[in-house]
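This report refers to the structure that appears directly beneath it.
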């Protein structure tokens, strides 16, 4: 995430909405209660992105006028998520949150035209997107419990009761009445009577706590569908989540949809949260811009929580997605090996293939002679060699996978491929027949002795100082690495297992197989491939002319 100085808004957005918030919303509590609410840089950045307008937007479009269908903001405790969320709800309730066409010059947003007597107006610049309020705003605020919902509803009530908003919003214990039969409703896991109603906006608070166990995944999805049906949009906020719970926050973060804006300041991977000096650097990084925060107080709370629940402390205050004990490769250590680069066609490589059919994923990882591991691409669109059966009507497209293998064999100098045979015996037999039994080798991962040794090879080479191992930063592989656990086996060995039944680890297996193939190919001298026509020799450490 870029520093505040790099929060450059170089796209069209509803500046009128941002100015409206700062003119109509007030600080809800504390020594500055009642003062003008001025957004921090990170809050303004998130607001500008949520109300970013597509250059081709036309008058009459609702949600499709905006670049982002929904937004996710992940930030540590006490950064100011609650009051900022309340200000966004106020905007969606009675402010210019709807795209109203493009200004040609001298157009003005005048509060008096919408029943607000504050006297504020905003003059648009030519070519600027304009805004207007919803005719009948129907808003829901979602949280797991009444105590949780107060994090946003309490500052929302304070804003609604003070300043010009007091003339437009009538507050109650469970809902706020708005003009033209609009309303803001509180929805919790125990109060879902209004769930499923059409809505124009939903604020989902602490989505890291929304899981299948508490049935909040279904609630959040139902809410989003309700907004989509009205041309509305949604926003979610949360602390960093526990990935063993497969929460809504995790699902959103892992989504590849381009119309979801995501803000998550992840501290540098090399900083350890257990080290006090480095922890202070982490706090300065993730709390940057939230000037009300006392970092000494944060340190005191974090240090105490570290004694009992270090993972929770790192999630709450360090803003990191932290997994429980028994993990395979430390996620931060894996991230620290990221060094993306292009791998030219014709490069000698090895491949690691792990295949599934209808549940787990299928993937291919590659590794070069100097220990650079990457997820190759295939086809005219350069799609990564990762196949989620859910994206293909529930079944991995085997012909497409075989086409990808053929392309990789043609584009690169594949010296060895380790392929896990279960469920893919016929395809692997065909590859052996086509490319030779010395290139494509059946490598069964269910053998505990061999699999333990292969896992250890990757684990050691990722973690040891001076190791040449680097990787491309493939986001799917990073997620799968973090999902992977060590399952003990007799003889002080282990095999790889999922942290939970729904968390995938298939790209981790691909990485293990690719690295095992790399080590074996290196030992066998397979990477030294002479090309007489070009007078070149490829070795594990260099490419040089003779």
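Residue numbers (the working numbering): 1018 to 1563. Idealized CB from N, CA, C, for every residue including glycine.
- Per DSSP, reduced to three states, the secondary structure at residue 1462 is coil, with no helix or strand assignment.
- Considering only 1302, 1527, 1354 and 1364, the residue with the shortest C-alpha distance to residue 1483 is 1354.
- Within 10 angstroms of the beta-carbon of residue 1530 lie 16 or more other beta-carbons, which makes it buried.
- The Cβ neighbour count for residue 1121, taken over all protein chains shown within 10 Å, is under 16; the residue is labelled exposed.
- If the five residues before and after residue 1064 are omitted, its C-beta is found closer than 6 Å to the C-beta atoms of 1035, all from its own chain and listed in chain order.
- Look at residue 1452 here: in three-state DSSP terms it is helix.
- Per DSSP, reduced to three states, the secondary structure at residue 1486 is coil, with no helix or strand assignment.
- Taking 8 Å as the upper bound for CB-CB distance, residue 1422 and residue 1404 are not in contact here, some 12 Å apart.
- Per DSSP, the unbroken beta strand (DSSP E) holding residue 1125 starts and ends at 1125-1127.
- Closest in C-alpha terms to residue 1174, from the list 1051, 1125 and 1092, comes 1051.
- Of the candidates 1364, 1296, 1495 and 1371, 1364 places its Cα closest to the Cα of residue 1545.
- Scanning the region 1282-1326 for uninterrupted alpha helix (DSSP H) segments of 4 residues or longer gives 1293-1303 and 1312-1325, listed from N- to C-terminal end.
- Taken through DSSP and simplified to helix, strand or coil, residue 1179 comes out as coil.
- Look at residue 1514 here: in three-state DSSP terms it is strand.
- Only buried fits residue 1263, as 16 or more other CB atoms lie within 10 angstroms of its CB.
- As the crow flies, the alpha-carbon of residue 1533 is around 8 Å from that of residue 1475.
- Comparing alpha carbon positions, the residue from 1108, 1093 and 1071 closest to residue 1042 is 1108.
- At the C-beta level, residue 1152 and residue 1197 come within 8 Å of one another.
- If you ignore the 5 residues before and after residue 1469, its C-beta comes within less than 8 Å of the C-beta of 1506, 1510, 1511 and 1512, all in its own chain and listed in chain order.
- The DSSP-derived three-state label of residue 1118 is strand.
- If you check the CB distance, residue 1105 and residue 1247 do not come in under 8 Å.
- With fewer than 16 other Cβ atoms from the protein chains shown falling within 10 Å of its own Cβ, residue 1292 counts as exposed.
- Under DSSP, residue 1255 forms a beta bridge with 1091.
- With a cut-off of 8 Å on Cβ pairs, the region 1374-1393 is in contact with the region 1482-1497, counting three or more such pairs.
- Between the beta-carbon of residue 1076 and that of residue 1117 there is about 7 Å, and that keeps the pair under the 8 Å contact cut.
- Taking the Cα of residue 1056 as reference, the smallest distance to any Cα among 1039, 1068, 1069 and 1048 is reached at 1039.
- Just so you know, the alpha carbons of residue 1079 and residue 1456 end up roughly 55 Å apart.
- Going by DSSP, residue 1233 is part of the alpha helix (DSSP H) stretching over 1233-1245.
- Taking every protein chain shown into account, the CB of residue 1518 has fewer than 16 other CB atoms within 10 angstroms, so this residue is exposed.
- Within the same chain, Cβ atoms closer than 8 Å to the Cβ of residue 1112 are found at 1034, 1037, 1038, 1041, 1148 and 1150, the five residues on either side in sequence being excluded.
- If you draw a straight line from the Cα of residue 1434 to the Cα of residue 1030, it comes to about 49 Å.
- Taking 8 Å as the cut-off, the beta carbon of residue 1095 is found closer than this to the beta carbon of residue 1310.
- Here DSSP, grouped into helix, strand and coil, assigns residue 1520 to coil.
- For residue 1535, the three-state secondary structure derived from DSSP is helix.
- A direct Cα-Cα distance of roughly 36 Å separates residue 1229 from residue 1466.
- With a threshold of 16 other beta carbon atoms within 10 Å, residue 1416 falls short and is exposed.
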